[in-house]
Each structure stands twice: as C-alpha cells, then as structure tokens.
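Following: one structure in structure tokens, then a few remarks.
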Amino acid sequence: MPEISSLHIYNSLTRKKEVFAPLNPPFVGLYVCGPTVYSDVHLGNVRSFLTFDVVYRYLTYLGYNVRYVRNITDVGHLLDDSDEGEDKIEKRARLEKIEPMEIVQKYTNGFHSTVNQFNLIPPSIEPTATGHILEQIEMIQRIISNGYGYEINGSVYFDVKKYAEKHNYGELSGRKLDELLEQTREELAGGDEKRFFADFAIWKKASDDTIMKWDSPWGIGVPGWHLECSVMSTKYLGQEFDIHGGGMDLKFPHHECEIAQSIGADGISPVKYWMHGNMLTVNGTKMSKSLGNSFLPEELISGDHPLLEKGYSPMTVRFFFLQANYKSTVDFSNEALQAAEKGLKRLMDAIKKLDEIVSSESSSIDVDSLIKKCTKSMNDDFNTPVTIAHLFDGVKLINSIHHFQEINKKDQKKLRDHYHTFVFDILGLKEENIETSNDELPNELMELIINLRNQSKENKDWGTADLIRDELKKLNISIKDNKDSSTWNYEE
RNA sequence: GGUUCCGUGGCCGAGUGGCUAGGCAGUGCUCUGCAAAAGCAUCUACAUCAGUUCGAAUCUGAUCGGAACCUCCA
C-alpha cells in the first residue's frame with residue numbers, strides 16, 4: 025500500500041479508489057440526495073446522512089471551501105412509474121387528512137430535529153423540488169430538444185433506448201441494457217404508455233384530484249423524481265461538480281437516471297466522484313419501513329421497541345456507525361451498541377483526562393506520529409474505523425501518563441488539540457451528559473459532599489463514605505476515588 | 001433468473017501475500033479501605049475444499065452460506 029498523503033475516494037463510477045482532485049480548488053461541490061419527506065426518517069436513513077456529514081467535515085478540515093447541497097424531495101416521488109403512479113406525499117396527505125404541504129413541513133421539521141440530535145451539520149443549501157419547478161421544465165425542454173425525451177398524453181419520458189445508442193446507460197450501476205431486456209420479471213411486461221420499459225418519467229401528467237401540480241408546456245402535471253437532483257445540483261454546483269453521495273439503493277435507477285438526464289440535457293456527465301453508503305441491516309436484512317424492522321430515533325433513544333434491550337444515546341449510535349466502514353453493511357445488535365457505548369465513554373474520559381493531566385519536563389509520547397496515522401486513515405477513503413483504532417491507541421498512552429508515559433506542556437496541548445479536532449470536529453462526536461447548567465451550584469454542592477465524604481474516609485468511617493457514594497449513584501452521579509482526590513460525574 | 005458484494009476469534013469490526021488492528025466481553029495480576037476507573041499480562045480467528053507461492057485471511061478455481069440492486073427505498 026503506497027503512502028497515502030492525500031485524500032483518496034472510492035469512486036463508484038470507476039469502482040476504484042482515486043486521488044481526490046477537485047475541479048476548481050479550493051472549492052468543492054458536494055451533493056447528497058436528501059429525504060423524501062412523506063414519513064419519519066429511520067435509523068438507516070440517518071446512517072446515510074451521517075456518512076456524508078463526515079465527508080463534509082473532513083473536506084472542510086482539509087481546508088476546502090465546500091458547498092454542500094442536500095435536497096428535500098417534497099413532490100414527484102411516485103409510488104411507482106406506472107400510469108396509476110401516485111405521489112407518496114399526496115397519498116400520505118390523504119391518509120392523515122391534511123394538506124400535502126403540511127405533510128412536507130411536518131416531516132421536514134422531523135428530519136431536521138433528528139439529524140440535529142445526531143449532530144449533523146446542516147448543508148449549505150437545502151433546496152426543495154417544488155422550489156425548482158421552472159428549472160425542471162427547462163431541463164425537460166433541453167432533453168426533448170436534444171432528442172432524448174418524448175411526450176405522450178401529457179407526460180414526458182426519457183428515451184433510454186435513444187440515449188443508449190450514443191451513451192452508456194448503466195455505466196454507474198454496471199447494468200447492460202440488453203441484460204435488462206432479457207429479464208422476465210412480470211412487472212416489466214409493460215402495458216403502460218412508455219415506448220420502452222426502461223424509459224422513465226421526467227414529467228408526469230397529474231390527475232384532476234391531485235393537489236400539488238403545475239402548468240407546463242405539456243399540460244398540468246408534476247416533475248419526475250429523478251429530475252430534481254439533476255436540476256438542483258446543476259443550478260447550485262454547476263453542470264459538472266465534484267462529489268455526489270447517496271445510499272447504495274439509489275445507485276439504480278436514481279443516480280443512473282441523473283447521469284442520463286444531465287448528459288441528455290447538457291452533454292456533460294455531471295459528477296466526478298460518486299459515493300455510495302451501504303445499508304443498515306437488522307438480523308441481516310436491510311432496515312426498511314415496509315419490513316417493519318426500522319427504528320425511529322425516539323424509539324432508539326428511549327429503548328421502547330421490541331428489538332431494543334435498552335435506549336441508546338445519539339452519540340453512541342453515531343460512534344457505532346463510525347466504527348464500521350461506510351461501504352459495508354452494518355448489522356444492528358444490542359450487544360454491538362452496548363460495546364460502542366462503553367468504548368465511547370472510554371474515549372471521552374481520556375479526552376477529559378487530557379485537560380487535567382499535570383505536565384512534565386519531557387515527553388515520551390510521539391504526538392506527531394499519532395496525528396499522521398489518523399490523517400492517513402481518513403485520507404484512505406474516510407476510513408473512520410481505523411482512525412478510531414488509532415485514537416484508542418492514543419487513549420492507552422493518555423491513561424498511562426504518570427505511570428509509564430510522561431508528557432510536556434507543548435505536547436499536551438498538541439495532543440489535546442488533535443483529539444478535539446478529530447473526535448469533535450471531524451467525527452462529530454460530542455459530550456452529551458446531562459444538560460449543563462450555567463449554575464455553579466451543582467459543582468459547589470458536589471465539592472461540599474466530596475469534602476464531607478473525604479473526612480469520613482480519613483476517619484476510616486467507611487460506612488458513611490460508602491453510603492454517600494451509593495446514594496449519589498441512585499441520583500446517577502458516580503464518584504471515583506483516585507490516590508489523592510475524588511472526582512464525580514453524571515452517569516448515563 | 002441477471003448484476004454486484006460479503007463470509008475474520010464469545011460479540012462488533014479493520015486488514016489485499018510475510019510483520020500488531022481496535023472496541024466490548026472473559027481470565028490472571030497491579031493499584032485501592034472497598035468499589036469504580038486505569039495499567040500490565042493473557043485466551044478465543046480468518047466459511048469449506050483444492051490450487052498458485054519459499055510463504056495465503058489476503059491471489060485463483062470450485063462448493064456452501066448470506067446480503068443489496070434489477071423502476072418505493074438512505
């Protein structure tokens with residue numbers, strides 16, 4: 025393995041790790057497919073957005089000026105592509121008996137509060153499909169005028185067969201049209217108005233009772249789902265931009281269609297690096313709402329779900345995800361979550377210790393080497409599990425200070441900065457103990473209690489000392505005795 | 001059926017030819033009034049079979065098992 029001194033990204037398009045070279049440094053364009061806001065996001069969705077949160081954070085750390093665009097799909101995501109295809113949001117609105125835009129607002133709010141809990145940084149721009157109807161109509165017109173779209177009965181379809189004459193439809197997902205053709209699945213047997221089964225709607229005629237619909241050169245309708253990402257990425261990041269991310273399950277057809285649309289409209293393959301995050305599984309199968317094996321974030325935190333033995337904090341979950349490679353599936357399990365919970369505590373405790381350590385004259389810890397290792401692993405396609413392993417190696421060193429290791433003031437500061445940068449800024453973890461009040465009173469009270477307890481200890485009144493510790497434990501406060509002092513902390 | 005990927009110790013999870021992952025759990029010891037934390041030491045591995053090689057978790061082939069996608073999906 026060659027020394028990795030610069031960022032390498034696994035590009036789904038070429039199926040290789042490539043050196044990351046932005047199109048217009050120091051600027052980087054990052055587009056991530058956001059949620060369709062027709063229901064609550066579940067933990068699998070969170071994992072995907074988390075992956076790109078770390079990508080964004082690390083690119084920023086490297087000094088790039090990143091414009092991060094993550095859309096909200098608030099119209100046009102049909103249940104299927106057939107003539108009766110119904111908009112997911114409309115359907116939900118009918119079920120909940122409220123306006124479609126109320127659905128959109130409700131679940132957008134929910135999405136924001138969820139990703140906020142997991143400490144995801146908001147994108148630079150969060151555009152919505154309904155806010156870009158005009159641009160979508162314009163793109164459809166470009167596609168039609170280039171001969172890659174056709175209108176039938178007020179709907180417009182992308183002409184995949186025509187496109188495939190000159191271009192490689194399937195280059196991203198590794199599919200070949202003739203192989204697709206050989207498929208015998210009944211659902212593909214057609215019977216709808218498309219000329220070719222692989223054609224996809226870029227404008228869909230709306231029925232009379234549809235609420236969200238717009239006028240267009242082809243009549244009243246809604247834009248096709250794949251189109252919005254092409255339009256909004258082009259608008260905010262340009263016809264060609266650096267990184268496009270999304271879940272593995274969007275690779276085909278969604279991202280494949282995006283490429284076709286951009287080439288069809290503007291003749292340019294839009295994305296230099298495609299990144300795909302893998303799925304969260306439960307007992308080996310993909311977490312999805314339809315299978316009923318998904319958790320909502322509230323259920324996860326409260327532990328109120330048949331598959332959960334207890335609740336897990338958002339940072340525990342974040343850490344759990346980061347301990348696996350984003351390209352691998354992660355299987356949910358209580359045991360693994362509990363291991364992550366303890367590991368995270370160990371990491372966080374060491375960082376705290378770093379502030380309290382009394383420094384020595386000399387230093388036996390090679391801080392530069394540790395920093396280099398962490399950078400190297402992150403440069404290797406955002407390898408967070410290996411980075412975390414390096415950080416744990418450092419934890420061992422930190423815990424050995426005053427035993428086998430010593431550290432001077434300069435290194436102490438450097439090490440502290442390193443941990444703060446990597447753990448808080450890049451991995452995006454944070455302290456999440458009980459809400460800290462500005463009030464000094466708890467600290468003063470605890471100081472008082474600890475002093476009283478220490479007096480009992482000096483008098484060898486172990487009964488009282490243990491009673492205080494036990495009673496505090498019931499209040500979720502833990503006391504730890506060190507050689508000369510005692511410390512206290514809130515327990516989870 | 002097609003395409004792609006995966007199978008590592010009790011659990012999770014890195015690792016692409018030789019040398020250490022890491023976390024959690026276990027065992028022994030040190031420290032401690034006890035406990036907790038921490039440190040030191042230590043035990044469980046590379047699905048199966050065959051091949052290439054001086055040497056294979058890593059490369060090749062076969063077998064078994066699992067997953068994702070194949071127009072709802074993050």
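Residue numbers for the first sequence follow the working numbering, so the first one is 25 and each next one is one higher. Backbone N, C-alpha and C fix where the C-beta goes; we use that ideal spot for every residue, glycine too.
Under 8 Å between the Cβ atoms of R81 and G418?
no
The beta strand (DSSP E) enclosing V65, as first and last residue numbers
No beta strand (DSSP E) holds V65; DSSP gives it neither H nor E.
Span of the alpha helix (DSSP H), counted from its first residue to its last, around K497:
W486 to K498
CA-to-CA distance, F265 to T258, given in whole angstroms:
8 Å
Buried or exposed: Y297, going by 16 or more other Cβ atoms within 10 Å of its Cβ?
buried
Between which two residues does the beta strand (DSSP E) carrying Y88 extend?
Here Y88 belongs to no beta strand (DSSP E), and DSSP marks it neither H nor E.
Label V70 either buried or exposed according to how many other C-beta atoms from any shown protein chain fall within 10 Å of its C-beta, with 16 as the threshold for buried.
buried
CA-to-CA distance, A413 to Q347, given in whole angstroms:
9 Å
Could you give the distance in angstroms between the alpha-carbon of P294 and the alpha-carbon of C398?
32 Å
Short of 7 Å in beta carbon distance, which residues of its chain neighbour D98, apart from the five on each side in sequence? Order them along the chain.
Closer than 7 Å at the Cβ level, and outside the excluded window around D98, lie V61, I113, V128, T152, A153 and T154.
Quick check on the burial criterion: 16 or more other C-beta atoms within 10 angstroms. Buried or exposed for K229?
buried
When DSSP labels each residue in this structure, what does S314 get in the three-state scheme?
helix
Simplified DSSP state of D508, which is helix, strand or coil
coil
Going by Cα to Cα distance, which pick from L472, Y174, E126 and W249 is closest to T511?
L472
Local conformation of T24 per DSSP, three classes
The question about residue 24 has no answer here: the residues shown for the chain are numbered 25 through 516.
Proximity winner among Y193, T234, I33 and L394, relative to V43 (alpha-carbon distances):
If we check each option's Cα against that of V43, I33 comes out closest.
Status (buried if at least 16 other CB within 10 Å, exposed otherwise) for N467:
exposed
Whose C-beta lies closer than 6 Å to the C-beta of V354 among residues of the same chain, with five residues either side of it excluded?
L304 and A348, listed in sequence order.
Roughly how many angstroms lie between the CA atoms of K376 and I226, to the nearest whole one?
54 Å
Report yes if the CB atom of S286 is closer than 8 Å to the CB atom of S254, and no otherwise.
yes
Which of the three DSSP states, helix, strand or coil, is assigned to M303?
coil
Where do the ends of the beta strand (DSSP E) carrying D355 lie?
V354 to F356
Give me the DSSP bridge partner(s) of V180.
DSSP output for V180 lists E175 and W227 as bridge partner(s).
Should the stretch 231-239 be called in touch with the stretch 115-135, which here means at least 3 C-beta pairs below 8 Å?
yes
For I422 versus L378, is the C-beta distance shorter than 8 Å?
The answer is yes: Cβ separation under 8 Å.
Anticipated Cβ contact below 8 Å, K481 with A489, distance rounded
5 Å
Under DSSP, the beta strand (DSSP E) around D266 begins and ends at which residues?
F265 to G271
L119 burial status per 10 Å Cβ neighbour count (16 or more: buried):
exposed
Taking 8 Å as the cut-off, decide whether the C-beta atoms of F428 and L371 are in contact.
no
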